[in-house]
Amino acid sequence: MKPEQPWQDTPPLSARTLSALSRIASVLRAGEWQFASRAGLNPTQLDILQLLSPRPEGMRLNWLAEQLGVTAASASDSASSLVSKGWLEKTRAVDDGRAIALRLTPAGHDLAGHIPEASQFAEAALSRLPPGQQEALYDSLLALIRQLQQAERFPELRACIACRHFQAQRHADPVAPHHCALVDAPLPAALLRLDCPEFESR
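According to UniProt numbering, the residues represented by the sequence shown are 1 to 202, in order.
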């Protein structure tokens with residue numbers, strides 16, 4: 001029996017939004033996997049390159065496993081393969097000279113620098129949205145990430161919103177409502193970072 005109104009069985013907005021995000025993620029992932037296949041990488045190896053690209057000091061294996069949502073053994077296998085290919089090297093951890101960190105070699109940095117090309121089509125589509133829509137979308141995604149982090153279902157990021165220098169809604173200016181105590185200056189909402197090298201946890 002058909003519903004009296006065709007939209008009566010429409011899923012909740014939250015469910016439809018999640019479905020949209022999932023579909024976008026699938027499209028982006030497909031582009032990355034094509035790049036990975038051409039470079040002789042598996043998806044986990046590609047993720048490792050992306051994670052280490054903005055971290056020249058390198059990171060420990062356990063951190064990589066946590067960020068990737070895989071076991072330490074799985075992360076170790078992927079990292080070992082990258083080492084054997086000359087894209088990754090082992091070094092001493094900055095915070096503990098007795099510990100081992102993994103960092104990109106110059107060849108690895110060069111390869112990682114080409115990964116964004118796999119999703120240029122999506123960035124181009126996003127750039128065609130009005131600036132206000134882009135900012136609203138980014139702000140909403142940051143809020144969603146914050147909710148997921150509070151539920152302990154999202155790995156730690158060097159994001160402004162989780163940094164001890166970040167002071168939310170301190171200024172009346174709608175363009176730059178936040179404040180960065182590190183540089184003691186207003187912080188525009190459009191410039192909030194997901195991965196800031198100056199990040200310090202609260």
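Every residue gets a Cβ at the ideal spot worked out from N, C-alpha and C, and that includes glycine.
Asked	Found
Proximity winner among 201, 202, 200 and 177, relative to residue 191 (alpha-carbon distances)	177
Inter-residue CB distance, residue 153 and residue 99 (contact presumed, cutoff 8 Å)	Contact doesn't hold; Cβ gap of about 27 Å is too wide.
Min CB distance residue 35 to chain C below 9 Å	Checking the listed chains, one finds no chain C in this structure; it contains a single protein chain.
Contact the region 65-74 vs the region 103-111: 3+ CB pairs below 8 Å	no
Alpha helix (DSSP H) segments (min. 4 residues) lying fully within the region 56-134	61-68, 72-84, 106-112 and 120-127
Start-to-end residues for the beta strand (DSSP E) that takes in residue 186	185-187
Residues near residue 39 in its chain [Cβ-Cβ closer than 7 Å; skip 5 each side]	111
Start and end residues, alpha helix (DSSP H) containing residue 31	13-39
Distance between residue 196 and residue 181 (C-alpha atoms, nearest Å)	14 Å
Local conformation of residue 160 per DSSP, three classes	helix
Classification of residue 65 by the beta-carbon crowding that lies within 10 angstroms, buried from 16 upward	buried
Cut-off 8 Å between Cβ atoms - residues of its own chain near residue 31, not counting five sequence neighbours on either side	118, 119, 121 and 122
Spatial distance of residue 185 from residue 168 (CA atoms)	12 Å
Residue 53 in three-state terms, based on DSSP	coil
Local Cβ density within 10 Å of residue 58, reported as buried at 16 or more and exposed below that	buried
Between the CA atoms of residue 158 and residue 68 - distance to the nearest angstrom	15 Å
As assigned by DSSP and simplified to three states, the class of residue 8	coil
Contacts around residue 126, its chain only, beta-carbon distance under 7 Å, and the 5 residues preceding and following it disregarded	134
Residue 201 - partner residues in DSSP beta bridges	163
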